[in-house]
Amino acid sequence: MPLKGKIIKSISGFYEVYTDSSMNTEADMTGAGGIVCDAAGLVYRCRAKGVLRALHQKPLVGDDVLFDVTDTAAVPPEGNVVSLLPRRNELVRPYVANVDQACLLFAITNPAPSYNMLDRFLISMKIKGLPAVLCFNKLDLASEERIRELREVYEQCGCRVLFISTKDPDSLEELRRILRGKTSVITGPSGAGKSSLINRLIPGSRRETGELSRKIARGRNTTRTVELLAAGNDTYLVDTPGFTSLYLQDIEAEDVKAYYPEFVRVQEQCRFQGCNHLAEPGCAVKAALRDGEISCIRYQNYTEIFAELKDRKPIYRKRDLSKPEFAKKR
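Residues in the sequence shown are numbered from 3 upward in steps of one, following my numbering.
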């Protein structure tokens, strides 16, 4: 009988699947080769069965799965993932499933944050309906003026904004409280300090950390795979590789404005319904921009993202022939 487990890591076609006695009955464990899983749990090295490929189902870190044990003598023991259980949600970048919230980590300085990329992260999380907390790291390197500037830009972005330093444990207390009891994906650009943050949040963690590239003032990737890590009772962190670009999918240019809360608050006053807040006369958003009620940085990001999406070529996706609408009529 298959066991229930959770994928905690994916690498080169293999999936590390964690299981313990809270997921399976003792009878199930005994029937799977005589292994009795205690509270500490076991990790199996698994492959995905061909039936998943036939169904176009790709296992992701965070997936709850059913798997068969194939070799209990191997170290680690081995198995095959035979079924994916229903997902609550999934992200494309990073590739992860069944998370409760996102922690978007950007450095205040060294390297300086890309505001455009930050807005893309916020939009992508809102598209997925995923709550986000925005963390600016390296508080110890920032001036009061710099912190005030970031507050002014993102105080209306619709999510919690924290300023932290991995060198100051006291600055992490509010973040610990927000993360407690949830599965949170830690994501952001290279060099923001994700590995250092996880080392602080998980006692005993020794994630590899790196220095900035002196030539391009950009972080180097020290995390190369997505991995689910236990951080306490019912608390999990998903460590992800950093990156330097983010392309928005599943959104049209005309829909971007809905993901800027400060626009939504005033756009009903626009002269024209469906105003895109660009060159239209009587635009309430541009009036708020002139009055300093909307950040120039946020507005500039909006116009750049709008233009990019407007100019992109249509994406034609391959039909999923397994869907009922493509079944042959008899």
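The beta carbon of each residue, even a glycine, is placed where N, CA and C say it ideally should be.
These numbers were taken from a predicted model, which means no experiment stands behind them.
Alpha-carbon to alpha-carbon, aspartate 172 and glycine 193
22 Å
Cross-strand partners of glutamate 73 (DSSP beta bridge):
Just to set this straight, residue 73 is aspartate in the shown sequence, not glutamate. According to DSSP, which records beta bridges pairwise, aspartate 73 is partnered with Glu80.
Looking at C-alpha atoms only, which residue of Arg314, Lys312, Ile307 is the closest neighbour of phenylalanine 123?
Ile307
Three-state secondary structure (DSSP) at aspartate 172?
helix
Should tyrosine 249 go down as buried or exposed, given a rule of 16 or more other Cβ atoms within 10 Å for buried?
exposed
Using only alpha-carbon positions, find the residue among Asn112, Cys105, Gly131, Glu270 that is nearest to lysine 184.
Cys105
Supposed contact pair asparagine 26 and glycine 64 - C-beta distance, whole angstroms, cut 8 Å:
At roughly 19 Å, the Cβ-Cβ gap does not stay under 8 Å, so glycine 64 and asparagine 26 are not in contact.
Considering only the beta carbon of each residue, do valine 45 and proline 61 sit closer than 8 Å?
no
Sort out for me which residues DSSP pairs asparagine 139 with in a bridge.
Ala109
Shortest alpha-carbon distance to arginine 178 belongs to which of Ile110, Gly131, Ala233, Glu310?
Ala233
Taking the straight line between their C-alpha atoms, what separation do you get for aspartate 22 and lysine 169?
35 Å
Taking 8 Å as the cut-off, decide whether the C-beta atoms of glycine 190 and leucine 107 are in contact.
yes
What does the alpha-carbon distance come out to for the pair phenylalanine 69 and leucine 5?
5 Å
With the cut-off set at 8 Å, would you say valine 268 and valine 287 are in Cβ contact?
yes
Does the distance from the C-beta atom of glutamine 158 to that of glutamate 310 stay below 8 Å?
no
Leucine 164 bridges to which residues according to DSSP?
Cys137
Check each candidate in Arg55, Phe138, Thr74, Ser24 and name the one with the smallest Cα separation from aspartate 236.
Ser24
Since valine 53 is in the alpha helix (DSSP H), which residue starts that stretch and which ends it?
52-56
Chain-order list of residues whose beta-carbon lies under 6 Å from that of glutamate 80 (same chain, five-residue window excluded):
Arg47, Thr72, Asp73
Rounded to whole angstroms, what's the CA-CA distance from glutamine 275 to valine 258? Just pull it up for me.
15 Å
Cα-Cα, which of Ser14, Gly131, Glu147, Glu175 is closest to cysteine 137?
Glu175
Contact set for arginine 162: own chain, Cβ-Cβ below 6 Å, skip 5 residues either direction
Val135
What does a CB cutoff of less than 8 Å around tyrosine 304 pick up in its chain, not counting 5 residues either side in sequence?
Asp121, Val258, Lys259, Tyr262, Phe265, His279
Based on DSSP bridge pairs, tell me the residues matched to glycine 7.
Val67
Straight-line Cα distance separating valine 77 from leucine 143:
45 Å
What residues match up with alanine 99 in a beta bridge as DSSP calls it?
Glu92
For threonine 305, report the span of its alpha helix (DSSP H) as first-last.
298-313
Within 8 Å, strictly: CB atoms of leucine 230 and isoleucine 10:
yes
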